[in-house]
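Worksheet for the structure shown next.
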Ligand SMILES: [Zn+2]
């Protein structure tokens, strides 16, 4: 057997790539919402501004070695850093195992890290940055046209459906949803096409409703407190990338005859 060890090496390589990409996403998450540059200045402790050495900047390992504290001032480092790194690695390895070398995997490598970043930013800042969603919409369309994974029309209808639906919700609810949700809806439509988009929205609404009900019931959120919807859209979008087309076909089969 030559194949199995080779496949294990590829899995490990993709996992390491995911950790490194997650480390970069942590820079994106920290700097995009405040309008900072992604390359300058170099990483430093937000508490004491001590510059991070290369060995303080190794994904996950540095966090474990430093027990989650800055080497210089001892300030607690957010759990967000290792969670984003491990999460990015996990979704990329899952996508590789599910799709192998394919257009789906290429889409996964672009879409899933973007969803990880937007989830973390929305949880922390209650906003979804235009800097990710606006370029992401044409990128999704172009990847689909270039690879032929889904038709350009499928992708364009997805953009209009995803954006349009949230526009209606925004107009009807007068502030219940934000423009960021609308642009993320359009982005998901661009990458997934309208069929898988419908599954993504379905998952997002069910998940959001369930989590919202639990937060209300346990008193962790009041009726008036906003709960960011971006993380649920991101989760729905990720699940739709894996299962959206099948779910749509199953729906049509079940309801259509
Ligand atoms: Zn420090």
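Numbering (the working numbering), first residue to last: 131 to 387. Every residue gets a Cβ at the ideal spot worked out from N, C-alpha and C, and that includes glycine. Remember, it's a predicted structure, so these values are computed and weren't measured experimentally.
Exercise. If you run the structure through DSSP and keep just helix, strand and coil, what is residue 163?
Worked result: It is helical.
Exercise. Are the region 340-354 and the region 208-217 touching by the rule of at least three beta carbon pairs closer than 8 angstroms?
Worked result: Between the region 340-354 and the region 208-217 there are fewer than three C-beta pairs closer than 8 angstroms, too few to call the two in contact.
For this session: Give the secondary structure of residue 174 by DSSP, where H, G and I count as helix, E and B as strand, and everything else as coil.
Result: Strand at residue 174.
Problem set entry | Where residue 231 sits in the DSSP three-state scheme | DSSP, reduced to helix, strand and coil, places residue 231 outside both helices and strands of the structure shown, so it counts as coil.
Exercise. Should residue 195 be listed as close to ligand 1, given that the test is whether its C-beta is under 7 angstroms from any heavy atom?
Worked result: Residue 195 has its CB no nearer than 7 angstroms to any heavy atom of ligand 1.
Problem set entry | Reference residue 143, options 226, 180 and 160, closest by Cα | Nearest option by C-alpha distance: 226.
Exercise. Listed by chain order, which residues have C-beta atoms less than 6 angstroms from any heavy atom of ligand 1?
Worked result: Counting only residues whose CB is nearer than 6 angstroms to a non-hydrogen atom of ligand 1, the list in chain order is 175, 177, 178, 180, 200, 202, 203 and 205.
Problem set entry | Cβ contact check for the region 364-371 and the region 321-332: 3 or more pairs under 8 angstroms | Touching, per the Cβ criterion.
Exercise. Just checking my contact of residue 242 with residue 271 at CB under 8 angstroms: how many whole Å lie between their CB atoms?
Worked result: Not really, about 18 angstroms apart at Cβ, beyond 8 angstroms.
Exercise. By the 10 Å Cβ neighbour count, where 16 or more other Cβ atoms means buried, how is residue 192 classified, buried or exposed?
Worked result: Buried, because 16 or more other Cβ atoms sit within 10 Å of the Cβ of residue 192.
For this session: Please report how far the alpha carbon of residue 259 lies from the alpha carbon of residue 303, in whole angstroms.
Result: Take the alpha-carbon of residue 259 and the one of residue 303: they are about 21 angstroms apart.
Exercise. Mind pulling the alpha helix (DSSP H) runs of 4 or more residues that sit fully within the region 209-287?
Worked result: Entirely contained in the region 209-287, the alpha helix (DSSP H) runs reaching 4 residues are, in chain order, 210-229, 233-255 and 260-277.
Exercise. Is residue 135 helix, strand or coil when you go by DSSP?
Worked result: Correct three-state label for residue 135: helix.
Exercise. Is residue 296 near residue 284, with beta carbons less than 8 angstroms apart?
Worked result: At least 8 angstroms separates the beta-carbon of residue 296 from that of residue 284.
Exercise. Taking DSSP as the reference, what is the three-state secondary structure of residue 181?
Worked result: In the structure shown, residue 181 sits in a strand (DSSP, three-state: E or B).
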